[in-house]
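Residue numbers (the UniProt record's numbering): 1 to 335.
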């Protein structure tokens, strides 16, 4: 959909979230290693800064157990100064500042923060925390921009699988980004599709891609994720044919295909419970179940010659629409 609120004179703020989960990058089946992928990502960052003189960039590392800014650093953000680096006559100074900050930050994460066995068992990065940091940084940048000429967007580069425990924080970030008109682009470098990030790109009208050949990551970044918000109005960008809208239950934190939703607080559960564990609402399920059983008994009595068959998990003589009755019961709190 064309965005008429952007112009070619607007500056672009790109917040990049890099998944630095060492357990995934160092996996034996990984088609590309972190060091090689960083070379592609740094080139993409430099291309973004070279697009306009007033383009802005922020880089956040999503590590196991921690999420932190790589660029700008905390001291630079507070003092409003640029990081002091050695000058190189063969390299554009702004590129060198960004490259050194990102590489040194990732190196420090890998050396200083060594994930524990419990974090390894979880096997997930702090994507939700990184999205929260990015949205807070964008909100501050928009407040400092009184003219409204800064157009922000978020790009997530990830290799980790979904973490069902992060479902609620990620959905909160998605709806916050949607309300602020901040698109969330996702590049799933390799591995299975990320269900929650698919929803993030779809809801915020961003781009979701999973490269067929991770070795050509730079080409994917340059052609699909480099165009700014104004240029996207005139480009045919890749989209999603199908979006996985599955959710994670609030009780066991697992992704479910069919669940029970509380009509009061919209909590999702993988199995029925007469009392919502989130808002403590009680549901009138037993009366409807008894009524369905009585209806099934009358039906069986009126047709004594009919065979008594039942579907798996359904009592004998119970109508097949018992599931819909149960669903109605879940959506109707008891008085």
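Backbone N, C-alpha and C fix where the C-beta goes; we use that ideal spot for every residue, glycine too.
In this structure, 192 is the residue among 192, 151, 103 with its C-alpha nearest to the C-alpha of residue 211.
Residue pairing for residue 87: DSSP places it in no beta bridge. Taking residue 246 as the centre and dropping the five residues before and after it, the same chain places the C-beta of 195, 255, 256, 257 closer than 8 Å to its C-beta, in chain order.
Contiguous beta strand (DSSP E) elements confined to the segment 159-194 occur at 184-188, taking only those with 3 or more residues. Assigned with DSSP and collapsed to three states, residue 62 falls in strand. In the three-state reduction of the DSSP assignment, residue 209 falls in the strand class.
For residue 142, there is no enclosing beta strand (DSSP E); the enclosing alpha helix (DSSP H) covers residues 127-144. The beta-bridge partner set that DSSP reports for residue 71 consists of 59.
The three-state secondary structure of residue 225, taken from DSSP, is helix. Residue range 11-19 is occupied by the beta strand (DSSP E) that includes residue 19. If you compare the alpha carbons of 55, 40, 42 with that of residue 229, the shortest gap goes to 55. Counting C-beta atoms within 10 angstroms of its own C-beta, residue 50 has fewer than 16 neighbours from the protein chains shown and is therefore classed as exposed.
When beta bridges are read from the DSSP output, residue 255 appears opposite 248.
Selection 227, 22, 156 evaluated against residue 199 yields 156 as nearest (Cα-Cα). According to the DSSP assignment, residue 52 belongs to no alpha helix (DSSP H), since it is labelled neither H nor E. Close CB contacts of residue 275 within its chain, under the 6 Å cut and outside five residues either way in sequence, are with 282 (chain order).
CA-to-CA, the gap between residue 143 and residue 134 works out to about 14 Å.
CA-to-CA, the gap between residue 253 and residue 164 works out to about 5 Å. For residue 264, the secondary structure class from DSSP, reduced to helix, strand or coil, is coil. In the DSSP annotation of this structure, the continuous segment of the alpha helix (DSSP H) that includes residue 111 starts and ends at 93-112. Counting only residues of its own chain and dropping the five nearest sequence neighbours on each side, residue 224 has a CB closer than 7 Å to the CB of 207, 209, 237, 238. Collapsing the DSSP output to three states places residue 22 in a helix.
Going by DSSP, residue 219 is part of the alpha helix (DSSP H) stretching over 217-220. By the neighbour-count criterion, in which a residue is buried when 16 or more other Cβ atoms sit within 10 angstroms of its Cβ, residue 235 is exposed.
Residue 87 and residue 243 have their C-alpha atoms spaced approximately 47 Å apart.
Note on geometry: alpha-carbon atoms of residue 61 and residue 129 lie some 10 Å from one another. Using a 10 angstroms sphere on the CB of residue 28, the tally of other CB atoms stays under 16, which defines it as exposed.
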